[in-house]
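Numbering (the working numbering), first residue to last: 59 to 475.
Next comes the structure, spelled out in C-alpha cells:
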C-alpha cells in the first residue's frame with residue numbers, strides 16, 4: 059500500500075474493535091440459522107454496516123446481502139477502477155451444539171459447526187476497516203462484501219450470481235476455518251483446493267422371479283452389485299488419476315425376501331472430483347458405463363445425476379496476493395501449504411466466472427492436543443482467529459486493488475502491449 063502503514067493501521071483497528079467482533083461472533087453462534095432462513099443474521103449484519111455509513115442491499119430471496127465500499131468503478135471516463143470482492147457464508151448446519159460454553163446455540167438442532175459465524179464476523183470487521191480507509195481516501199478502487207446465504211444447502215452462490223453480485227468484479231477472495239492449522243497462520247494452495255461434489259442415483263428394473271430360477275429372470279440384485287463394484291473400478295481406468303474423480307456409494311436397496319429376485323432396486327452415491335474438465339465430462343461417462351453393465355445382465359438402468367458444486371480451483375496470482383498480504387500483516391512464517399480436500403464448496407461457482415482464491419484460516423490454539431474437525435457438534439475456534447482473518451482479508455483487498463489498478467493503468471498507456 060503506497061505510503062501507508064497498513065499493518066499498523068490494522069493492529070490499531072483490531073485493538074479497538076476485537077471485543078466488539080468477538081461479541082458479534084458469539085451472538086451469531088448462539089442464534090444460528092440454516093440456509094435461506096438467515097433472517098436475523100442478515101438483519102444484524104445490515105444494521106452494523108448501516109451504522110458505519112454503508113448501504114447494504116439484501117438479496118432477492120430475503121437473506122444474505124451485498125455492500126460496496128469505496129468509489130464508483132470508474133476513476134474517470136477512460137480508466138476503469140478495479141473492483142475486488144470478499145465473500146463470507148452466513149448459514150449454519152442442522153445439527154445439535156454439544157459444547158458447554160456461554161454462547162452455545164439456543165436453537166435446537168442448529169449449530170455453527172463449520173465456522174460460518176467466524177467467516178461472517180471477519181468480513182464484517184474487514185468491511186468496517188475498509189470503510190474507514192475509504193473515508194480517508196485511501197482505497198484505490200471499490201471493495202464488494204458478499205455475505206452469502208445457503209452455502210451448506212448449497213445454492214447461495216448461484217443466487218448471488220443471478221442477482222449480479224459479481225458484476226464488474228475483477229477478483230474474489232474467501233477464507234474458511236481450518237481446525238488443523240494453528241491460529242495466526244493461513245493455508246494457501248494454487249490450483250484445486252476443494253472438489254466437485256455431485257450426487258448420483260441409479261434405479262435398476264427388470265423381470266423378477268424365484269431365486270431357484272434366476273435364468274428365467276433378470277437377476278437384478280446381481281446386476282445391481284455389478285454396477286456398484288464395476289463403476290468405481292472402470293472410472294479409475296477411464297479418467298486421468300490426477301483428476302481424483304471418485305465414486306463412493308452410500309445407499310443400496312433392493313428386494314424384501316431372501317428367496318425372491320426383485321424387479322426394482324436403487325443405489326445412490328456421491329461423485330467427487332478435483333479437475334474441472336473431468337467434472338464436466340463425468341455424467342456422460344457414467345451413463346455410458348452404466349448402460350454397458352446393465353445391458354450385459356438384461357436389466358434397464360435409469361441414472362439421475364444431480365450437479366452440486368464444481369471444484370474450487372485457485373488462481374495462482376490471486377493466491378500470491380493472499381500470501382503476500384498474510385506475510386505483510388502477520389509476519390514471516392504465517393503462510394503454510396494446505397492440502398487438497400475432497401469436500402465441496404460453492405465458492406467454486408464464483409471462480410467459474412472470475413479469478414480468485416480460497417484460503418484456510420487457522421483456528422486451532424497452538425499446542426492444543428484436542429483434535430477437532432468441522433461439521434462436528436463440538437466444533438469451536440480460538441477467537442484470536444477473528445483478528446487474524448480481518449488482517450488478511452482487508453490487506454488482500456487493498457493490495458489487490460493497488461495491483462490491479464497499476465496493471466490497468468499500465469495497460470491503458472499508449473503503446474502498451
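By construction, the Cβ of each residue, glycine as well, lies at the ideal position given by its N, Cα and C atoms.
With distances taken Cα to Cα, identify the nearest neighbour of residue i among the options.
i, options, result
"residue 342", "354, 201, 362, 324", "362"
"residue 247", "372, 412, 110", "372"
"residue 91", "312, 79, 141, 170", "170"
"residue 365", "159, 380, 76, 407", "407"
"residue 174", "145, 164, 154, 198", "145"
"residue 288", "75, 451, 161, 306", "306"
"residue 180", "359, 451, 459, 462", "451"
"residue 148", "119, 208, 154", "208"
"residue 356", "302, 282, 218, 412", "282"
"residue 128", "121, 302, 142", "142"
"residue 123", "109, 97, 259", "97"
"residue 215", "449, 411, 156", "411"
"residue 111", "126, 370, 121", "126"
So residue i is in the alpha helix (DSSP H); what residue range does that whole segment cover?
i, result
"residue 348", "334-354"
"residue 218", "214-220"
"residue 66", "64-88"
Count the other C-beta atoms from every protein chain shown that fall within 10 angstroms of the C-beta of residue i, then say buried if there are 16 or more, exposed otherwise.
i, result
"residue 167", "exposed"
"residue 492", "The requested residue 492 is not part of the displayed model; the chain covers only 59 to 475."
"residue 195", "exposed"
"residue 338", "exposed"
"residue 340", "buried"
"residue 191", "buried"
"residue 117", "buried"
"residue 74", "exposed"
"residue 115", "exposed"
"residue 77", "exposed"
"residue 374", "exposed"
"residue 136", "Any answer about residue 136 is weak, because its pLDDT of 47 lies below 50 and its placement is not dependable; what the coordinates show is given next. By the neighbour-count rule (16 or more Cβ atoms within 10 Å), residue 136 is not buried but exposed."
"residue 81", "exposed"
"residue 403", "buried"
In three-state terms, what does DSSP make of residue i?
i, result
"residue 290", "helix"
"residue 270", "coil"
"residue 410", "coil"
"residue 323", "strand"
"residue 170", "coil"
"residue 160", "coil"
"residue 256", "strand"
"residue 443", "helix"
"residue 376", "helix"
"residue 94", "coil"
"residue 263", "strand"
"residue 328", "strand"
"residue 301", "helix"
"residue 404", "coil"
"residue 474", "At residue 474 the pLDDT is 48, less than 50, meaning the model places this residue with poor confidence; the figure from the coordinates comes in the next sentence. Coil."
"residue 275", "coil"
"residue 148", "coil"
"residue 185", "helix"
"residue 419", "strand"
"residue 432", "coil"
"residue 113", "coil"
"residue 461", "helix"
"residue 370", "strand"
"residue 143", "strand"
"residue 195", "coil"
"residue 165", "coil"
"residue 249", "strand"
"residue 283", "helix"
"residue 450", "helix"
"residue 381", "helix"
"residue 190", "helix"
"residue 306", "strand"
"residue 315", "coil"
From what residue to what residue does the beta strand (DSSP E) around residue i run?
i, result
"residue 358", "358-367"
"residue 234", "229-240"
"residue 206", "200-206"
"residue 123", "123-128"
"residue 395", "393-395"
"residue 246", "244-246"
Nearest chain C C-beta to residue i closer than 9 Å, yes or no?
i, result
"residue 185", "As a matter of chain content, chain C is missing from the structure shown, which is built from one protein chain."
At a cut-off of 8 Å, is residue i close to the ligand HEM when judged by its beta-carbon and the heavy atoms of the ligand?
i, result
"residue 314", "Summarising the ligand content, the structure contains no ligands, and the ligand HEM is consequently not present."
| task | Please confirm if the region 179-199 is in contact with the region 261-280, defined as three or more CB-CB distances below 8 Å between the two stretches. | result | no
| said: Quick check: the region 249-264 against the region 277-293, are at least 3 beta-carbon pairs closer than 8 Å? | reply: yes
| task | Check whether the region 230-242 touches the region 427-441, taking contact to mean three or more Cβ pairs, one atom from each stretch, closer than 8 Å. | result | Using a Cβ-Cβ distance cut-off of 8 Å, the region 230-242 and the region 427-441 are in contact, since at least three pairs of beta carbons, one from each stretch, lie closer than that value.
| said: Closer than 8 Å is the cut-off here; do at least three beta carbon pairs connect the region 416-427 with the region 435-443? | reply: yes
| message | Closer than 8 Å is the cut-off here; do at least three beta carbon pairs connect the region 347-364 with the region 281-300? | response | yes
| query | Should the region 381-398 be called in touch with the region 312-326, which here means at least 3 C-beta pairs below 8 Å? | reply | Note that the region 381-398 does not touch the region 312-326; fewer than 3 beta-carbon pairs, one per stretch, sit closer than 8 Å.
| query | Between the region 199-206 and the region 375-390, do three or more beta carbon pairs fall short of 8 Å? | reply | The region 199-206, when compared against the region 375-390, does not touch it at the 8 Å Cβ threshold.
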